[in-house]
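Notes for the one structure printed next.
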Amino acid sequence: MMNADCVIYQVAVSRALNGIGLAIVGPAIQSLVADSTDDGNRGVAFGWLQLTGNAGAVVGGLCSILIAPVDVFGIPGWRVSFHLIGLLSVIVGVLVRLFAKDPHYSDDGAKGLGLSVKRSFGAEVKDLAREARSVIGIPSFQIIVAQGVTGSFPWSALSFATMWLELIGFSHSRTAFLLGCFVVASSLGGLFGGKMGDILSQRFPNWGRIVLSQISSGSAIPLAAVLLLGLPDDPSATMLYALVLLIIGFSISWNASATNNPIFAEIVPEKSRTSIYALDRTFESVLSSFAPWVVASLAEDVYGYRPPPAGSTQSVEIATDRQNAKSLSKALFVAVSIPMALCCLIYSFLYCTYPRDKERAQMQALIESEMQQLEFENSEASPEVRGTGWSGVEDRMVIDLDYEEDNGTEFDEQDERTLLR
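Below, the structure written as structure tokens:
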């Protein structure tokens, strides 16, 4: 018993550390993609990120299943899977350190401006809290997070898809095939959505991305009705299920690459992009984690899901499974249709807030760029100019200019029209 407790404790600690690592890496990668692209190709870049991530998950899951029952140099295969993940993570980290380049950071530039890059931990925490408050106060961010909570709810609910397909009567291999079709289609759909988002954003800058996501989220409702309520509960209809899953996966996976991630990059300054992606993931993942519990409660308490009675014959178990499949399909449809309808509705508010927030971020970026240019020019100025009162970022240089009097124009204090000129 003590040995089992130790193993559970070790697994819990390992998964917690793994979660922390993923939570750090994800927003950083998204911010790097946003910094390395512009408005014309940012969506397709996020689409490729989504596609490669899903492809890696499929390949990794397949490899872990294949080597699980095999011993490698006396080490159980499932342990080798964890070792391989750790090794690959180290390799990727080294490659990023050697070849990846943040296009908006330069050590030489910071040193050339005479700015100190060393700051205390307390100052960094205060800046982080201030930046988080600034990001949370952006209306478009609030709207995207709200739709993200509802929009990610169905994806979390689909964790019951494997159970639902097997209750219908599909074998393990056919269930894996069907879910693989869905993952492949959603990967390609993310790439397609990102490309279409870039195209529409060039033609309709203020609403092209938004309407594309409303089409994607709105299409999920009728397609889910066909899949969960319209198809026969017959395991021989494998190809029919595969076709519908391909269509659904391709159609409902546009939001992140087409709209959410590109808009996040446009409504905040470049230095705040990592924060906005991290905050979005925090809010969405925490709230959408309740989706499986909601589906289970609906299936059991509302639609009558019941496990087969103990000692039942095979025919009774099959009949019970078919009935439970219907109960679970109804619960899944509720967990998909209502959140997706809300998601589509919430996107509508972006038509009002997104243009204003984007313009505000552009103006802020322009001001920061001009301030940096002034600081750079001051650092290159002669000692005589620097001696006029400029002492760095916190001081300001005041220049008194003498204007020659123009005798050709005389102003009458009583003439308001002349003053207005």
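Numbering-wise (this note's numbering), the sequence shown opens with residue 14 and increments by one.
The beta-carbon is built from N, C-alpha and C at its ideal position, and this holds for glycine as well.
Is residue i near the ligand PLP - that is, is its Cβ less than 7 angstroms away from at least one heavy atom of it?
i           : result
residue 233 : As for the ligand PLP, it is missing from this structure, which has no ligand bound.
What three-state label does DSSP hand residue i in the structure shown?
i           : result
residue 329 : helix
residue 220 : coil
residue 167 : helix
residue 251 : helix
residue 318 : coil
residue 24  : helix
residue 182 : coil
residue 323 : coil
residue 50  : coil
residue 402 : Confidence at residue 402 is low in this model, with a pLDDT of 45, below 50, so its placement is unreliable and the value that follows should be read with caution. In the structure shown, residue 402 sits in coil (DSSP, three-state: anything other than H, G, I, E or B).
residue 435 : The requested residue 435 is not part of the displayed model; the chain covers only 14 to 434.
residue 303 : coil
residue 14  : In this prediction, residue 14 scores a pLDDT of 45, lower than 50, which makes its location untrustworthy; the coordinate-derived value is nonetheless stated afterwards. If DSSP states are grouped into helix, strand and coil, residue 14 belongs with coil.
residue 151 : coil
residue 127 : In this predicted model, residue 127 has a pLDDT of only 43, less than 50, meaning its place in the structure is not dependable enough to derive any value.
residue 244 : coil
residue 29  : helix
residue 158 : helix
residue 362 : coil
residue 37  : helix
residue 424 : Any answer about residue 424 is weak, because its pLDDT of 44 lies below 50 and its placement is not dependable; what the coordinates show is given next. Residue 424: coil per DSSP, three-state reduction.
residue 267 : coil
residue 133 : coil
residue 113 : coil
residue 282 : coil
Are the CB atoms of residue j and residue i within a distance shorter than 8 angstroms?
i           : j           : result
residue 340 : residue 312 : yes
residue 439 : residue 236 : Given a span of 14 to 434 for the chain in the structure shown, any question on residue 439 remains unanswerable.
residue 290 : residue 43  : yes
residue 219 : residue 316 : no
residue 265 : residue 157 : no
residue 210 : residue 272 : yes
residue 370 : residue 147 : no
residue 297 : residue 161 : yes
residue 360 : residue 232 : no
residue 180 : residue 334 : yes
residue 80  : residue 94  : yes
residue 344 : residue 308 : yes
residue 60  : residue 215 : no
Report the partner residues of residue i according to the DSSP bridge assignment.
i          : result
residue 88 : 85
Can you give the Cα-Cα distance for residue i and residue j, rounded to whole angstroms?
i           : j           : result
residue 200 : residue 328 : 39 angstroms
residue 82  : residue 207 : 39 angstroms
residue 254 : residue 178 : 10 angstroms
residue 380 : residue 269 : 29 angstroms
residue 48  : residue 285 : 11 angstroms
residue 127 : residue 384 : Unreliable positioning characterises residue 127 in this predicted model, as indicated by a pLDDT of 43, which lies under 50. The coordinate reading is nonetheless provided below. Rounded to whole angstroms, residue 127 to residue 384 spans 14 angstroms at the Cα level.
residue 411 : residue 376 : Only weak support exists for where residue 411 lies, its pLDDT of 42 falling under 50; the value from the coordinates is given anyway. So the two alpha carbons sit approximately 24 angstroms from each other.
residue 165 : residue 267 : 12 angstroms
residue 356 : residue 85  : 47 angstroms
residue 133 : residue 203 : 41 angstroms
residue 258 : residue 189 : 12 angstroms
residue 144 : residue 137 : 10 angstroms
residue 445 : residue 281 : Since the first residue of the chain shown is 14 and the last is 434, residue 445 is not available in this structure.
residue 29  : residue 66  : 21 angstroms
residue 41  : residue 251 : 40 angstroms
residue 100 : residue 263 : 33 angstroms
residue 168 : residue 346 : 12 angstroms
residue 159 : residue 364 : 15 angstroms
residue 26  : residue 92  : 16 angstroms
residue 223 : residue 310 : 33 angstroms
residue 106 : residue 73  : 18 angstroms
residue 87  : residue 23  : 21 angstroms
residue 50  : residue 228 : 25 angstroms
residue 56  : residue 274 : 8 angstroms
residue 221 : residue 293 : 22 angstroms
residue 89  : residue 321 : 35 angstroms
residue 46  : residue 372 : 21 angstroms
residue 185 : residue 96  : 27 angstroms
Please confirm if residue i has its CB atom under 8 angstroms from at least one CB of chain C.
i          : result
residue 65 : Any reference to chain C falls outside this structure, which holds one protein chain only.
*Does the count of Cβ pairs from the segment 167-179 and the segment 303-316 closer than 8 angstroms reach three?*
Output reads yes: the segment 303-316 touches the segment 167-179.
*How do the segment 334-351 and the segment 189-205 stand: do at least 3 beta-carbon pairs fall below 8 angstroms, yes or no?*
The segment 334-351 is not in contact with the segment 189-205.
*Validate contact between the segment 32-42 and the segment 242-259 using beta carbons, cut 8 angstroms, 3 pairs*: Taking 8 angstroms as the limit for Cβ pairs, the verdict is that the segment 242-259 does not touch the segment 32-42.
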